[in-house]
Structures are given as structure tokens and as C-alpha cells.
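Residue numbers (the UniProt record's numbering): 1 to 668.
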């Protein structure tokens with residue numbers, strides 16, 4: 001045998017990597033190991049799981065960027081605060097220049113200020129305007145007027161300016177009012193289908209550079225009178241049509257709160273916030289049009305529809321536009337006639353309409369004095385049916401025979417569409433506002449509808465040719481009536497709208513002799529008050545055409561000597577003062593106002609119509625306060641006594657025949 005060799009040894013060679021060298025188990029917290037481990041886990045996930053995870057990471061990244069930006073803006077605003085405060089202080093003299101014209105929310109009644117409110121001035125940034133309705137019109141977010149002037153102190157001004165300054169730094173338009181911030185989303189902007197770029201201030205807004213005009217003592221007296229009237233209405237007639245102040249009760253006509261709706265925009269203009277808010281709540285909660293009641297088309301249009309539309313424009317609160325659309329739709333059945341001349345009466349619950357029981361005629365003034373309101377409703381809603389219905393009436397009347405040099409008869413038949421009772425011409429009841437609305441529609445529509453202007457100009461020439469006479473002994477120029485060729489020296493107080501309308505036309509570029517005629521006629525209307533024992537005008541006067549010893553120009557028949565608290569003379573005084581600046585018109589209005597207080601004020605609240613303007617010791621109160629006393633008479637008083645020509649600027653607004661201001665359309 002061979003000799004045994006050295007013993008054999010077996011070796012296992014193991015190469016240790018850096019991970020395994022550190023110990024058993026293979027776990028290592030190094031970055032390289034973690035990357036490979038995570039990658040293996042990632043690859044083991046399904047495609048859906050990986051997609052979800054990636055989406056979540058992307059979402060978190062976007063949120064982080066947005067959060068960073070917001071924090072940056074906040075930090076920037078903090079660091080710039082002292083600079084902003086300096087700008088605020090410097091802005092005090094520039095407040096009116098910095099912001100476009102907006103009527104501030106009305107002032108809240110403050111028990112500490114007695115009967116007279118401190119009215120707040122604030123001009124918020126302009127809201128974006130919108131286009132609605134006919135394509136040729138530029139529709140704005142509700143046009144609001146400024147200039148409810150105040151006597152507020154410097155601290156209040158600074159507080160409000162700080163709010164304005166904050167508002168200008170937000171992307172949303174914000175209305176600042178007496179330190180409160182109200183967002184436009186809270187029903188301050190009308191519904192719209194297309195938002196337009198914010199409009200540039202018009203040339204009319206140059207008045208923004210003027211200093212605020214404070215409320216004066218006469219205006220404060222009107223505010224006190226309104227509050228006294230409102231107290232009676234609130235205590236004894238709340239939610240009803242009209243107050244009966246002596247019997248401390250109410251009367252109903254339509255059962256739609258006429259006095260309250262008529263007074264809404266007056267409260268806004270006078271700055272009575274507390275009263276306005278109470279009334280708004282009633283409109284929101286209790287004003288219901290779905291009721292079985294007949295209403296007069298004309299009266300409900302000028303008072304209810306007109307009042308809701310104007311309040312919407314002044315306040316920007318869409319509640320009033322929604323209510324206006326509701327009543328507007330419910331009045332439309334009146335136009336379902338063979339001639340398209342509307343019936344006088346509509347049942348707003350049943351959707352039926354009919355003429356008065358005694359005739360198939362409508363009054364010319366009534367069917368031609370609803371146009372401003374229905375046209376504006378079309379403009380705001382984009383529904384052309386409202387404007388189409390009332391425009392057809394005007395086009396039809398334009399073509400009719402039976403006029404006398406532009407003067408129209410008082411009645412029109414709803415079946416034939418023809419004038420009836422021919423040969424009688426007046427600017428008083430049943431025809432008056434036809435002439436007023438010819439001019440005002442022309443102005444409302446941007447002075448483009450020439451047929452309206454032609455009819456108006458022709459009518460004024462007809463007045464001059466057929467209806468003007470001069471009285472004795474003072475040779476007062478007055479407007480009489482013509483009946484089958486015979487002149488009557490009878491003049492309704494209603495005719496005293498005419499001086500203001502003539503002045504408005506002259507202001508808008510019509511013949512200068514219109515203003516001269518306005519000046520002579522307003523003197524006559526004033527004398528209808530001044531020559532009467534109580535200093536208040538009767539409903540109708542007759543003028544003496546021949547001098548008689550011991551007789552004045554004005555004669556009053558027993559059946560005509562009542563006074564219904566009518567506004568027409570004060571209305572014309574307002575226009576005359578606005579366009580001439582002659583203080584005598586304010587003084588005349590102040591005399592009339594004092595006489596209303598002296599002879600018609602009821603101590604427990606409210607004012608009353610009277611039966612006898614010739615008996616100062618017993619004017620025989622009638623126990624009724626017409627809704628137009630708050631809607632028109634006191635409103636025009638307040639505006640007349642204002643030294644601020646931009647409080648309801650007459651280049652921006654047109655008043656309907658119930659003194660509800662509606663915006664003049666701005667062409668596209």
C-alpha cells in the first residue's frame with residue numbers, strides 16, 4: 001500500500017458584502033439599502049395602487065403651493081399695514097373721488113338722536129355691471145345714487161374709510177356701510193346670465209369730487225314728519241293699504257300694503273334704516289300676490305311695480321326684483337284684448353282681466369303711463385314680453401286719429417282700440433301722465449325713440465295753442481280745458497306736474513321756451529296754495545278771466561275744495577329748484593310743508609286729507625292718508641330742500657309718476 005497522504009481539508013468560501021457584514025438578519029438602515037427595499041415594494045404594487053399614490057402626492061404638492069401663496073399674501077398685508085393706515089388718513093379728502101356713486105344703506109334710527117337721524121355717507125366700490133334684456137341696452141348692477149349726506153364726525157369717517165380700504169384689497173366687491181361689511185353675494189347683485197367687465201365711471205360722476213352736503217334743518221323736519229306719519233301707519237294700519245289716522249284704523253283697496261310699498265324708497269332716501277328693515281321683513285314674509293283680488297292695472301303698476309323696482313335699484317336687494325317680477329307677470333293678462341289696449345282691472349290670483357263694470361273703455365292716461373315700469377322690468381329680467389306689450393300700446397296711440405294738435409281724448413276702447421268721447425281735452429285727470437310719460441320714456445331709452453319725442457313736442461304746442469290762458473287780476477298763466485271747442489278755465493291740481501315735466505325736457509335739450517313756460521306755470525301752481533285761506537290748494541280751481549272787484553285769480557267751488565295731500569306742485573318745485581337754483585322754490589315748498597303740518601297732522605300719528613281748504617278753523621279732516629303722501633309728497637319735499645343736486649341725480653334717474661326713481665338706460 002501506498003503511504004497515507006496529508007489529511008484533506010474542505011473549505012467553503014463566503015464573500016461578505018457590506019450589508020451582510022454588519023450582522024445577521026440582513027437589516028441595514030443605510031440609504032442604499034432603503035432605496036432598493038422600497039423599489040422592490042413599489043414594483044410589487046399593482047398599477048392602480050401606484051396611480052393612486054402618485055395622484056395623492058401630486059394633490060398634496062398643489063395644496064402646498066396654494067397654502068404658501070396665501071401665507072405670503074397675509075404676511076405682505078401685515079408688513080404693509082402701517083403704510084395702508086397712512087393711505088387711509090390721506091384718503092379722507094378723496095373719499096368721494098375714490099369710489100363710484102352708490103346710495104348708502106339707510107341710517108338706523110338711534111334713540112339717542114331724538115327724531116332726527118344722523119344720515120351716513122358711504123360710497124362703496126362699484127359692482128360689476130351685467131347685460132340683460134334687449135341687446136341694444138347696457139345693463140348694470142343696480143344703479144345706486146350716493147349722497148345721503150351726513151353730519152358725521154371724523155372718527156366715523158375714518159372707520160368707514162378703513163372698511164373701504166379693506167374692500168379695495170379684496171378681489172370680491174364689498175359694500176362698506178357705517179363700519180359693517182356686506183358682501184354682494186348677499187342679494188346685493190341682480191341675477192345675471194353674463195357678467196361684464198366693471199364699467200368705467202361716466203362723465204356724470206364728476207360730482208364725486210364735490211364735498212358732502214350736510215342734511216339741513218328743513219330736511220330734518222321732513223324726516224320728522226315722515227316718522228310721525230309712519231308711526232300712525234305702523235301702530236294702526238301695518239300691512240294694510242292706507243291709514244285712517246283719526247279713527248286709528250285702516251282702509252283696504254287691493255290688500256297689498258300699498259302705503260308700505262310706496263314708502264320703501266322714500267325711507268331709503270331719507271336714511272331711515274330701522275323703518276326700512278322692518279318694512280323689508282314684511283315684504284319678504286307677508287307680501288303675497290297669489291290672492292283672489294282685482295287690482296287696477298295703472299295704480300298697481302306705478303305704486304307696487306314701480307316701488308319695488310326703484311327700491312331694488314337703490315338697495316341692490318334682489319328680494320324686491322323677485323317681487324317685481326311676480327306682480328309684473330300677474331298683471332300681464334290685462335293686455336289680452338282684441339286691440340292690445342289693456343283692460344283697467346286684473347285679478348292677480350286668477351289671471352283674468354276685465355274693463356270696469358260700466359264701460360269697455362280704459363283711461364288714456366292709465367294705458368299710456370305704465371311703460372317706464374314694464375320696460376324696466378324687461379331690461380332687468382331679459383324677458384321682452386313686458387316691454388313689447390307696453391310699446392305696442394304707444395305705437396298704436398301714436399297712429400290714432402282723434403287728436404287735436406297732439407292733445408288726446410280721455411278714453412280709449414279696449415275692443416276697437418279707438419279713442420272715445422272725442423272733443424274733450426285736458427291735462428288733468430285721465431290724460432295727465434300720457435304727456436309726462438312721452439317725455440320720460442324718450443329720456444329713459446337714451447333719447448332714441450323719436451316717435452315719443454314727436455308726440456310730446458306736438459302736444460306741448462297743442463297746449464300752448466288751445467289750453468293756455470291768463471287770469472285776472474295777477475295775469476297768471478294757467479292750463480284750462482277744451483270741450484267741443486269751448487274753453488273752460490278749470491285746472492286740476494294734477495296739472496301742476498306740467499312745470500316740472502317742461503323743465504325736465506328743457507334740461508334734456510328741448511326748446512328753451514319750455515323752461516319759460518314752466519316758470520310761469522309754477523308761479524300759478526304756487527298761487528293755487530297762496531291765495532287759499534289754509535295755504536293749501538284745493539283739488540280743482542277755476543280762474544277768473546275777467547277782473548272783478550274783491551275777487552282773486554282763484555275761485556273754488558264747494559265740491560272741489562278738498563286736499564288729498566297731493567304731490568304735484570312740490571314735484572315741480574323740486575325740478576325747478578334743481579334746474580335753476582332759485583331759492584324761492586325751496587321757500588314756497590317750505591310754506592306748503594308748514595301748512596300741511598298745521599292743518600293735516602294728526603297728533604296720534606299720521607296726516608289726513610281734508611275736505612275744506614277754505615276753513616282754517618275747521619278744515620274738516622277726511623280720516624285718510626293716501627299712500628302717495630309718503631311715496632311722493634314727502635320724498636319730493638326732502639329732495640327739494642336738499643342742496644345736493646346729486647341726491648337722485650336727474651341725469652341718471654327718471655321718476656315714474658308715483659315718484660319712484662328708475663335708472664336712465666346706458667347705451668351699449
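Ideal Cβ placement from N, Cα and C applies to all residues, glycine included.
None of these values were measured; they are calculated from a predicted model.
The beta-carbon distance between residue 341 and residue 417, rounded to whole angstroms, is 5 Å. This is short enough to meet the 8 Å contact definition.
By the neighbour-count criterion, in which a residue is buried when 16 or more other Cβ atoms sit within 10 angstroms of its Cβ, residue 358 is exposed. Residue 345 carries a strand assignment under DSSP once its states are collapsed to helix, strand and coil. Relative to residue 292, the option among 347, 311, 332 whose CA is nearest is 347. Within the DSSP bridge table, the entry for residue 354 names 345 as partners. Counting only residues of its own chain and dropping the five nearest sequence neighbours on each side, residue 483 has a CB closer than 6 Å to the CB of 424. The distance from the Cβ of residue 339 to that of residue 265 is about 34 Å, inconsistent with a contact at the 8 Å cut-off. Shown here for residue 243: same chain residues with a beta carbon closer than 7 Å to its own, the five before and five after excluded, namely 232, 233, 236, 237, 250, 259, 606, 625 in chain order. Residue 286 is positioned such that its CB atom lies closer than 8 Å to that of residue 239. The DSSP-derived three-state label of residue 654 is strand.
The alpha-carbon of residue 578 is positioned some 12 Å away from that of residue 584. Sorting 472, 372, 505 by C-alpha distance to the C-alpha of residue 658 places 372 at the top.
In this structure, residue 353 sits away from residue 430, with a CB-CB distance that is not shorter than 8 Å. Apart from sequence neighbours up to five positions away, the residues of its chain that approach residue 334 with a beta-carbon distance below 6 Å are 297, 342, 343, 346, 353, ordered along the chain. If you keep only unbroken alpha helix (DSSP H) runs of at least 4 residues inside the segment 604–660, you get 634–641.
Annotation: residue 332 is outside any alpha helix (DSSP H) and is labelled neither H nor E by DSSP. The shortest CA-to-CA distance from residue 476 to any of 552, 318, 580, 540 is the one to 552.
Along the length of the segment 239–314, whole alpha helix (DSSP H) runs at least 4 residues long occupy 258–270, 273–286, 297–300, reported in chain order. For residue 477, the enclosing beta strand (DSSP E) begins and ends at 477–479. Between the beta-carbon of residue 363 and that of residue 320 there is about 28 Å, and that puts the pair past the 8 Å contact cut. The beta carbons of residue 397 and residue 374 sit no closer together than 8 Å. Here DSSP, grouped into helix, strand and coil, assigns residue 317 to coil. By the neighbour-count criterion, in which a residue is buried when 16 or more other Cβ atoms sit within 10 angstroms of its Cβ, residue 522 is buried. Rounded to whole angstroms, the Cβ separation of residue 422 and residue 409 is 5 Å, and the two are in contact under 8 Å. For the segment 515–558, there is no continuous alpha helix (DSSP H) assignment of 4+ residues that stays within its boundaries. Taking 8 Å as the upper bound for CB-CB distance, residue 497 and residue 269 are not in contact here, some 20 Å apart.
Put simply, the backbone Cα of residue 527 is about 10 Å away from that of residue 474.
By the criterion of at least three beta-carbon pairs nearer than 8 Å, the segment 594–612 is in contact with the segment 553–567.
Checking the DSSP bridge columns, you'll see residue 494 has no partner listed. For residue 413, the enclosing beta strand (DSSP E) begins and ends at 411–413.
Taking the C-beta atoms as reference points, residue 289 is found nearer than 8 Å to residue 330. Rounded to whole angstroms, the separation of the alpha carbons of residue 512 and residue 248 is 49 Å.
Counting along the chain, residue 510 sits inside no beta strand (DSSP E), nor does DSSP assign it H or E at all.
Burial state of residue 546 is exposed, judged by a 10 Å Cβ sphere holding fewer than 16 other Cβ atoms. The beta-carbon distance between residue 613 and residue 532, rounded to whole angstroms, is 5 Å. This is short enough to meet the 8 Å contact definition. Burial of residue 271 is indicated by the presence of at least 16 other C-beta atoms within 10 angstroms of its C-beta.
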